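2 protein chains.
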Amino acid sequence: MASMPTVTDVALAAGVSRQTVSNVMNSPGIVRADTRERVEAAIAQLGYRPHASARRLRTRRSSTIGIRLDPMIDGISGSVLDRFLHALTEQADKQGLRVLLFTATSPEDEIIQLQRLNDGADVDGFVLTSTFAGDPRTKWLIENKIAFVTFGRPWGADDVSDPQHLWVDVDGWAGLYEATRAAQDAGARRIGYIGWPSSADTGDDRRRGWHDAMRERGDVTEADLIALEAVTVDGVAEGTAAMQDLRRRAGPLDAVLCASDSLALGAMIANPERVPVTGYDNTPVAAAIGLSSVDQSVGEVAAGVLGLLTGEFGGQVHGAPESLQPRYQMIRPRLVTRAFAAIPMEMLV
Amino acid sequence: MASMPTVTDVALAAGVSRQTVSNVMNSPGIVRADTRERVEAAIAQLGYRPHASARRLRTRRSSTIGIRLDPMIDGISGSVLDRFLHALTEQADKQGLRVLLFTATSPEDEIIQLQRLNDGADVDGFVLTSTFAGDPRTKWLIENKIAFVTFGRPWGADDVSDPQHLWVDVDGWAGLYEATRAAQDAGARRIGYIGWPSSADTGDDRRRGWHDAMRERGDVTEADLIALEAVTVDGVAEGTAAMQDLRRRAGPLDAVLCASDSLALGAMIANPERVPVTGYDNTPVAAAIGLSSVDQSVGEVAAGVLGLLTGEFGGQVHGAPESLQPRYQMIRPRLVTRAFAAIPMEMLV
DNA sequence: AGAAACTATTTGATCGATCAAATAAAGTCA
DNA sequence: TGACTTTATTTGATCGATCAAATAGTTTCT
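If you read the protein sequences in the order shown, they are chains A and B.
So for the first sequence, our numbering puts the first residue at 5; every next one is plus one.
So for the second sequence, our numbering puts the first residue at 5; every next one is plus one.
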């Protein structure tokens, strides 16, 4: 294969200068129509493609976003990040952006990687996932004026409306509020909740959705509300145990909501009465066994992240005060309702 | 933040020339020890990082590998590719390689993307996953002399030992052979198999592993061997149905092996006798519910892929006949044995 | 018609690194 | 010692694109 043609080759073929060729690609508006057509024909004929590195060197833009690939913390729910990554890559591509992966062993190590990629001009900005309270990464990125957007709101003491920290997140509260309402509308009164210990902020958020909806309706007493809640760490076996616990303590249930699909899967195993169970994340497992679940619309999240990010490195420097756009975005999740069809429980007996 | 220092800045600080600085980074051997130390000190002191794009422009190497992010064809087993991607990124990083993602809607579209990334000098080579019979992608890559390695052997008419097609794959036959042997060693005689229709080559391979091991041992008659096999497309509900079918047709079973974890999960649902079930892929679901499974050692696969790929664009041009290294690598999977502890079946009754 | 104001296109310089070849320094040997 | 290697370092050119400023070509208006 002969080496790739360059702008000069195209310019020669079209009878114009290098810069005009460049203009046709980057600001077609300023080139006269007939000239543009001639250049475009030459580009097509020679099969010209701009050399990405040359362009990046000159423009000081890499058109690349860095994102850390997590080591599947929680097995089952890992697929959410996976889907997010896919959506991000797909949508980034449409805007001419590439997605570069990296891994890290700890938040501190991640900062080293962030610095490496940024200093080497490998990326224009980062997308961070799984934010947590006191996250050192966001602090570091802000201090170093590096563009980034997080999938996950600032937790704990960090300010949700800090103009320097752009974020997109899914409204876990709304997800569970809606799921609770849906169950109530279907006639359920005694709706249980299996959630995580309150050290995890994201779990508290979801729990409140259920709790608020239950209180608003007032179908059960305060004492019952306490009995209807089980707390456990994530996991299938844990979900099973929590479900047994719940049935023992709360008596008959009309429905059960869970903070994750893992818990929901577990709950469903100890569920002979076939009480409707709803999970969270709408993972493949939920789809496979016919479990209702709250779906984090990763497509919308990806779009939001990209919007904020390109606004960031497209426009002014980081944290420019004059930008009046919203600095964050809360996405409303979507409840996916499924019947229990996939598990013919009667066969088990 | 002041703009990043360049080689020239470092050279000035260390009192040497640009090229010496470059040599310290790329061929330290040819620089005198004391000079090297001086330069290294200057690099550290200034916090210098080479500009990736500048280097790539000059060297005509991107040190980047392109890989397509699949849209989770099969929900549950998608995590295998996910784990592979993670291992690949991690190991690539150690060799100074980056991993760039892309998406595509079809094999034809994928070829367009491959061309785009290659022509733009964005990547040095590709890693392809999920190969299939008559795969147009490998054909195209070979024709265009672009470096690539596939995770998955050439299927169908494609030649497994074609020196132009480098590949790494997991030996599904060995995986099921071993799983069968393990069951036999544990005293099982009547071992059932739930597999896929024979249109999928990868499924046939796994089935043969079970079939060969059963025949070698000769514990059951040929007629029984036929009764011990159920065929169905992938899915949890399908696994449940196949399991019922198997129990009806084959009578009592000592163990059941499945072509996937989805099928295994399904099989376990219709398994009141608690016959040991073994899946394939060792997905998080298997881990969560305590299912034995055949693990595709993605770490080894990633290492193999990288070895072949760097050998490819590190050394001679594609398909150079003088290379005597093996052109492919078959990885032996590993059987992960788990007890059924996670599912307390008695609770269901 | 001629100056002013645009619009379209070209030219020279530059981004930050490495290559290739030239030079300088050090070591070897008759 | 002087010619000859070998080793270490420097210099000028270059990768392929875009930027900034200069030039050529058009249109507008008095």
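Where is the CB? At the ideal position from N, CA and C, for every residue including glycine.
Quick caveat, the model's predicted, so the values are computed rather than measured.
Is residue i helix, strand or coil when you go by DSSP?
| i | result |
| --- | --- |
| B/A192 | coil |
| B/M334 | strand |
| A/Y181 | helix |
| B/D162 | coil |
| A/V279 | coil |
| B/V321 | With a pLDDT of 34 at B/V321, under the threshold of 50, the modelled position of that residue is not reliable, and the figure given next carries that caveat. Coil at B/V321, not helix or strand. |
| A/A108 | coil |
| B/H55 | coil |
| B/N148 | coil |
| A/D86 | helix |
| A/T314 | helix |
| B/V309 | helix |
| B/A96 | helix |
| A/V224 | coil |
| B/S266 | helix |
| A/P140 | helix |
| A/G255 | coil |
| B/M349 | The predicted model places B/M349 with a pLDDT of 41, which falls under 50 and marks its position as unreliable; any figure quoted below should be read in that light. Helix. |
| A/E326 | Low per-residue confidence applies at A/E326: pLDDT is 45, beneath 50, and the placement is therefore not dependable, though the value from the model is reported in the following sentence. Reduced to three states, the DSSP call for A/E326 is coil. |
| A/D123 | helix |
| B/S7 | coil |
| A/G207 | helix |
Per the DSSP calculation, residue i is bridged to which residue(s)?
| i | result |
| --- | --- |
| B/Y197 | B/E233 and B/L261 |
| A/T154 | A/L132 and A/W171 |
| A/I69 | A/V103 and A/G129 |
| B/L339 | B/V298 |
| A/Y284 | A/V298 |
Under 6 angstroms Cβ to Cβ from residue i, same chain only, skipping five residues before and after it: list those, please.
| i | result |
| --- | --- |
| B/F317 | D128, G129 and A151 |
| A/L313 | G129 and V153 |
| A/R193 | D223 and D258 |
| A/S296 | T282, T341 and R342 |
| A/P201 | V235 |
| A/G19 | none |
| A/Y197 | W214, E233 and L261 |
| A/A290 | D265, G283 and S297 |
With a CB to CB cut of under 7 angstroms and the five nearest residues on each side skipped, what residues in its chain are close to residue i?
| i | result |
| --- | --- |
| B/R221 | Q188 |
| B/R53 | M8 |
| A/R65 | D128 |
| B/V28 | V35, R40, V43 and E44 |
Buried or exposed for residue i, going by 16 or more other Cβ atoms inside 10 Å?
| i | result |
| --- | --- |
| B/T225 | exposed |
| B/A45 | exposed |
| B/Q300 | buried |
| A/G160 | exposed |
| A/V164 | exposed |
| A/E112 | exposed |
| A/I34 | exposed |
| A/V237 | exposed |
| B/R252 | exposed |
| B/N30 | exposed |
| A/I116 | exposed |
| B/I71 | buried |
| B/A48 | exposed |
| B/P288 | buried |
| B/A227 | exposed |
| B/G110 | A small fix is needed here, since residue 110 of chain B is Ser in this sequence, not Gly. The residue in question, B/S110, is exposed, as its Cβ has fewer than 16 Cβ neighbours within 10 Å. |
| A/S21 | exposed |
| B/I230 | exposed |
Could you pull out every residue in the same chain whose Cβ sits closer than 8 angstroms to the Cβ of residue i, ignoring the five residues on either side in sequence?
| i | result |
| --- | --- |
| B/L170 | F152, V153, T154, L312, L313, E316, R331 and Y332 |
| A/H322 | The pLDDT assigned to A/H322 is 39, lower than 50, so where the model puts this residue is not dependable, and the model offers no usable value. |
| B/A125 | R60, R64 and S66 |
| A/L118 | G70, F130, R141, W144, L145 and I150 |
* Return the chain-ordered ranges of every alpha helix (DSSP H) run that is complete within the region 10–44 of chain B and spans a minimum of 4 residues. => 11–18 and 22–30
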